[in-house]
Amino acid sequence: MALSPQQSDALRSKIAHRVRDLPGSATVAAADKARRLKAEGRSVVDLSGGDPDFSTAAHVTEAAVASLNRGFTHYTPSRGIPELLKAIADKLAKENGTSYEPAKEVLVTPGGKQALFTAAQALLDPGDEVIIFSPAWVSYAPVAALAGARVVYVPMDMQTTAEELRASLAGAISPHTKLAILNTPNNPTGQVWTAEQLQTLADAAQAHDFIVLADEIYEKILYDGVRHVSIASLPGMWERTLILNGLSKSHAMTGWRLGYIAGPEPLIAELLKVHQHSTTCATSFVQEAAVAALNGPQEYTEYMVSRYKARRDRLVADLNAIPGVRCDLPQGAFYVFPNIIGTGLSSLAFTERLLEAEAVVVTPGDAFGPAGVGFVRLSYADSDEALQEGARRIRRFVDGLSD
Ligand SMILES: Cc1ncc(COP(=O)(O)O)c(C=O)c1O
171 MALSPQQSDA
181 LRSKIAHRVR
191 DLPGSATVAA
201 ADKARRLKAE
211 GRSVVDLSGG
221 DPDFSTAAHV
231 TEAAVASLNR
241 GFTHYTPSRG
251 IPELLKAIAD
261 KLAKENGTSY
271 EPAKEVLVTP
281 GGKQALFTAA
291 QALLDPGDEV
301 IIFSPAWVSY
311 APVAALAGAR
321 VVYVPMDMQT
331 TAEELRASLA
341 GAISPHTKLA
351 ILNTPNNPTG
361 QVWTAEQLQT
371 LADAAQAHDF
381 IVLADEIYEK
391 ILYDGVRHVS
401 IASLPGMWER
411 TLILNGLSKS
421 HAMTGWRLGY
431 IAGPEPLIAE
441 LLKVHQHSTT
451 CATSFVQEAA
461 VAALNGPQEY
471 TEYMVSRYKA
481 RRDRLVADLN
491 AIPGVRCDLP
501 QGAFYVFPNI
511 IGTGLSSLAF
521 TERLLEAEAV
531 VVTPGDAFGP
541 AGVGFVRLSY
551 ADSDEALQEG
561 ARRIRRFVDG
571 LSD
């Protein structure tokens with residue numbers, strides 16, 4: 171129904187201030203724009219999304235179908251089915267060197283994003299401060315703000331030394347610091363934190379008594395022999411870390427919505443209350459499929475990573491060959507985050523004009539916090555053809571700027 175501008179304004183005024191002031195997700199907006207352009211018949215190259223272009227493995231899909239056919243279509247225990255809680259705890263013990271009791275220290279959520287939201291609601295009071303390392307994934311700051319907390323950004327990229335990190339942490343920490351959100355490998359830069367950098371954060375967390383939420387969703391997407399270390403495995407950190415993870419990226423299962431969070435019982439028990447009142451439980455048959463994904467063969471993940479690596483190498487080379495564009499080689503995840511300052515455009519202008527001129531969808535770096543200004547993010551979780559065509563169009567667009 172068409173509303174008058176006055177009616178719309180009157181309705182909008184009913185919305186809570188903390189929501190009215192909240193920006194929408196830049197990555198979701200970019201993906202929506204790509205869909206709209208495609209529907210209009212334009213030949214769109216959409217490099218905005220964080221969604222693997224690979225199908226979910228057949229044995230996982232079959233497990234879900236079998237589960238549906240058995241009628242496993244009702245509520246499950248709110249925390250998650252025992253088989254999945256055990257599979258997650260086994261994975262964390264085997265791969266990350268961290269020990270969690272399945273029935274008390276693990277919580278299954280519909281996606282990692284929901285785990286983040288639940289943790290923020292459970293931990294944060296208005297006035298609390300949350301340290302976010304920027305560039306950072308677009309949802310951390312809004313989710314902290316929705317809980318009433320204040321975001322304090324700390325710059326962090328591949329060039330940041332442990333010494334610089336220590337100094338900027340010292341400047342950022344206050345008596346109100348409740349939480350730091352760590353994301354390694356990082357979205358959008360692909361940076362993997364070194365042991366020294368992790369230890370620096372661990373020392374600060376212990377000295378100033380704050381919690382670390384470690385988002386490890388890209389832990390399996392690593393290149394060139396770089397290893398992932400879970401901060402929870404460092405001495406004195408298990409008791410102050412929440413591990414966030416999920417199957418979206420590692421198992422190409424974004425649409426299934428399956429994530430989890432693990433940590434000490436006094437924290438997880440409180441998150442569980444938020445989860446009980448907001449979602450009840452993750453989808454029943456998806457949980458059974460997740461058991462198959464975690465306990466079954468893992469070669470498919472290795473295959474996807476080998477494909478991502480070849481795409482990364484080619485895309486970074488293609489981008490660095492464009493005048494005014496400078497792109498570091500990511501160590502993990504499936505994004506590149508080139509600096510486009512040399513083209514003379516801001517991130518937003520670059521993004522909008524590229525879309526208009528060449529129908530290539532990328533995400534403006536500003537969406538990833540203050541350190542993202544002057545950058546754009548491209549996902550290479552897309553076909554080789556799309557990436558090569560995208561790079562060709564970006565080259566043509568930048569060449570056209572100097573005409
Ligand atoms: C850094 C990071 N964490 C968490 C998520 C959440 O993923 P999901 O909700 O699909 O599990 C994403 C998704 O893009 C991400 O990039």
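Per the working numbering, residue 171 is the first one in the sequence shown, and the count goes up by one each step. Glycine residues also receive a C-beta, built at the ideal position from the N, C-alpha and C atoms.
Within its chain, find whatever has a CB closer than 8 Å to the CB of Ser248; leave out the 5 residues flanking it on each side and keep chain order.
Your numbering for residue 248 matches position 78 in the sequence shown. Cβ within range, chain order: Leu442, His445, Gln446, Thr450, Cys451.
Give me the Cα-Cα distance between Ser400 and Thr231, rounded to the nearest whole angstrom.
Mapped onto the sequence shown, residue 400 falls at position 230. Mapped onto the sequence shown, residue 231 falls at position 61. Straight-line Cα distance between these residues: approximately 29 Å.
Three-state secondary structure assigned by DSSP to Tyr310:
On the sequence shown, position 140 is the one that residue 310 refers to. Three-state result, Tyr310: helix.
For Asp216, the three-state DSSP class (helix, strand or coil)
Within the sequence shown, numbered from 1, the residue matching residue 216 stands at position 46. In the structure shown, Asp216 sits in a strand (DSSP, three-state: E or B).
Please classify Gly360 as buried or exposed, where buried requires at least 16 neighbouring CB atoms within 10 angstroms.
Translated into the one-based positions of the sequence shown, residue 360 becomes position 190. It counts as buried.
At a cut-off of 6 Å, would you count Gly502 as near ligand 1, judging by its Cβ distance to the nearest heavy atom?
The count along the sequence shown starts at 1 and reaches residue 502 at position 332. Answer for Gly502: no, Cβ out of range of ligand 1.
Within 6 Å: the Cβ of Lys283 and any heavy atom of ligand 1?
Stepping through the sequence shown from its first residue, residue 283 is reached at position 113. Yes.
Given the structure, does Ser400 come close to ligand 1, in the sense that its CB is under 6 Å from one of the ligand's heavy atoms?
Indexing the sequence shown from 1 puts residue 400 at position 230. Checking the Cβ of Ser400 against ligand 1 gives no.
Using a Cβ distance threshold of 8 Å, determine whether the stretch 315-324 contacts the stretch 267-278, with at least three qualifying pairs required.
no
Thr449, DSSP secondary structure in three states:
Taking the sequence shown and counting its residues from 1, one reaches residue 449 at position 279. Coil.
Spatial neighbours of Ile492 in its chain, beta-carbon cut-off 7 Å, leaving aside the 5 residues before and after:
Taking the first residue of the sequence shown as position 1, residue 492 is located at position 322. Here the set comprises Ile564, Arg565, Val568.
Could you tell me if the beta carbon of Ser248 falls within a distance shorter than 6 Å of some heavy atom in ligand 1?
Walking along the sequence shown from the start, residue 248 turns up at place 78. Result no, Cβ not under 6 Å from ligand 1.
Which of helix, strand or coil DSSP assigns to Phe303
Working through the sequence shown from its first residue, we reach residue 303 at position 133. Phe303 falls in the strand class under three-state DSSP.
Mapping the DSSP letters down to three states, classify Thr197 as helix, strand or coil.
Within the sequence shown, the letter at position 27 stands for residue 197. DSSP places Thr197 in helix when its eight states are reduced to three.
Return helix, strand or coil for Pro202, following the three-state DSSP convention.
Looking up residue 202 in the sequence shown gives position 32. In the sequence as displayed, the identity of residue 202 is Asp instead of Pro. Of the three classes helix, strand and coil, the one that applies to Asp202 here is helix, per DSSP.
Quick check on the DSSP output: the beta strand (DSSP E) that includes Ile351 runs from which residue to which?
On the sequence shown, residue 351 is found 181 positions in, with the first residue counted as 1. Start and end: 347-353.
Of all the alpha helix (DSSP H) runs that stay within the bounds of the stretch 243-280, which reach a length of 4 or more residues?
252-266, 272-275
What residues in its chain sit with their C-beta under 8 Å from that of Pro312, if we drop five residues either side in the sequence?
For the purposes of this step, residue 312 is identified with residue 142 of the sequence shown, where counting begins at 1. Closer than 8 Å at the Cβ level, and outside the excluded window around Pro312, lie Leu192, Pro193, Ser195.
Does the Cβ of Trp307 lie closer than 6 Å to at least one heavy atom of ligand 1?
For this step, residue 307 is matched to residue 137 along the sequence shown. Under cutoff, so the answer is yes.
Pull up the distance between the alpha-carbon of Gly433 and that of Ile413, whole angstroms please.
Along the sequence shown, one-based indexing puts residue 433 at 263. Along the sequence shown, one-based indexing puts residue 413 at 243. Distance between the alpha carbons of Gly433 and Ile413: 6 Å.
Gly466 versus Leu254, Gln291, Arg206, residue with shortest Cα-Cα distance:
What you label residue 466 is simply residue 296 of the sequence shown in a count that begins at 1. Of Leu254, Gln291, Arg206, the residue nearest in Cα terms is Leu254.
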